[in-house]
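Numbering-wise (this note's numbering), the sequence shown opens with residue 20 and increments by one.
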Amino acid sequence: HNKEDEKGQNGIDVLHCGRLFPGPESGIHSWTSILSKNCWFSSTTHNNPTQSLTLEQYPKWIHIDAHGTAKYIRFTRHSMVEILQLRYRDLVVVAPTQPVPVASVIFIRPKALVVNLDVGGSFRMIICENQCFILGLPGLSDTSQTTLPRLDHPFVVRLSGCLRKASQNVFEDALGMPYELIALEIALNAAVGILSRDIEDFETKAIDQIEAMLRKVDRDTLEGIRKVKSHVDWLQSKVSKLQQEISEILE
Numbered sequence: 020h021n022k023e024d025e026k027g028q029n030g031i032d033v034l035h036c037g038r039l040f041p042g043p044e045s046g047i048h049s050w051t052s053i054l055s056k057n058c059w060f061s062s063t064t065h066n067n068p069t070q071s072l073t074l075e076q077y078p079k080w081i082h083i084d085a086h087g088t089a090k091y092i093r094f095t096r097h098s099m100v101e102i103l104q105l106r107y108r109d110l111v112v113v114a115p116t117q118p119v120p121v122a123s124v125i126f127i128r129p130k131a132l133v134v135n136l137d138v139g140g141s142f143r144m145i146i147c148e149n150q151c152f153i154l155g156l157p158g159l160s161d162t163s164q165t166t167l168p169r170l171d172h173p174f175v176v177r178l179s180g181c182l183r184k185a186s187q188n189v190f191e192d193a194l195g196m197p198y199e200l201i202a203l204e205i206a207l208n209a210a211v212g213i214l215s216r217d218i219e220d221f222e223t224k225a226i227d228q229i230e231a232m233l234r235k236v237d238r239d240t241l242e243g244i245r246k247v248k249s250h251v252d253w254l255q256s257k258v259s260k261l262q263q264e265i266s267e268i269l270e
């Protein structure tokens, strides 16, 4: 790529380090050592530098900047690891195409929070001091599935709006919370909200199954009770893991 911003199809940018991570002149953040390497987002694969990739083959994530503006971007995993000093296994945890569900986890790294909040589907994010990246979100019609993020997703709209308001007060709200904690709080609130709704829906189904068993005990009612117990165990594991991650951060 040349050193100018490149605009792909549907207005998706391939952003370079100088714009995505501003230098000292911006007054926001300084990673001079990275900028001096001229670290543009590569158009080749990490393992095979001779194999060119088209723009549409890059992962499409959502980037929310310091002022709450959300947009699609594409870049390589190698660039993200180098810029934010993450580990490759961190990106495995939040990979939007991860076929195996990953339990809720929040990794605290020197320049970012790596967040995976599992509620069936997952909130998968990388949160920095003045920007965040959304890699995956629970589906709108089925929250048990993780889908690629969209700009019109209610969570993205809410997060952008809250961060935009916070930016007008130097990234701090009335409680003095910085940008990254505001973003994390909104994500946790959304995850807890989904679990709360799941519990409410489950209570109704559980009561129906118990009442059915009181009227008649047969194979169908016993199978229904077994499914109820299985779902209770599933919900308990999701809630307890999320509670554990929050407790560790508070400590």
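C-beta atoms are modelled at their ideal positions from N, C-alpha and C, and glycine is treated no differently.
Outcome for residue i when other beta-carbon atoms lying within 10 angstroms are tallied against a minimum of 16
i	result
R93	buried
R238	exposed
R177	exposed
T116	exposed
N188	exposed
D220	exposed
Continuous beta strand (DSSP E) stretch holding residue i: start and end
i	result
P157	C151 to P157
L136	A131 to V138
R93	A89 to R93
R245	Premise fails: R245 lies in the alpha helix (DSSP H), R238 to L269, not in any beta strand (DSSP E).
Other residues of its chain near residue i: CB distance less than 6 Å, five sequence neighbours each side excluded
i	result
A202	I146 and C151
E264	S123 and I125
Span of the alpha helix (DSSP H) around residue i
i	result
A231	Y198 to R234
H82	Not the alpha helix (DSSP H): H82 falls in the beta strand (DSSP E), residues K79 to I83.
R169	Where R169 is concerned, there is no enclosing alpha helix (DSSP H), given that its DSSP letter is neither H nor E.
V124	V124 -> not in any alpha helix (DSSP H); beta strand (DSSP E) instead, spanning V124 to R128.
Beta carbon of residue i nearer than 7 Å to that of residue j
i	j	result
Q228	V247	yes
P168	I153	yes
I213	V138	yes
G158	Q164	yes
I218	M232	no
G87	L182	yes
Backbone CA spacing between residue i and residue j [nearest angstrom]
i	j	result
H48	N149	Residue confidence for H48 is low, a pLDDT of 35 falling below 50, so the modelled location carries little weight; the figure read from the coordinates is stated next. Those two C-alpha atoms are separated by around 8 Å.
A209	K90	20 Å
K224	T162	18 Å
N135	V175	16 Å
Proximal residues to residue i (C-beta, below 7 Å), its chain only, five neighbours per side dropped
i	result
L105	M99, R128, A131 and V133
8 Å CB neighbourhood of residue i in its chain, flanking five on each side removed
i	result
V258	L214
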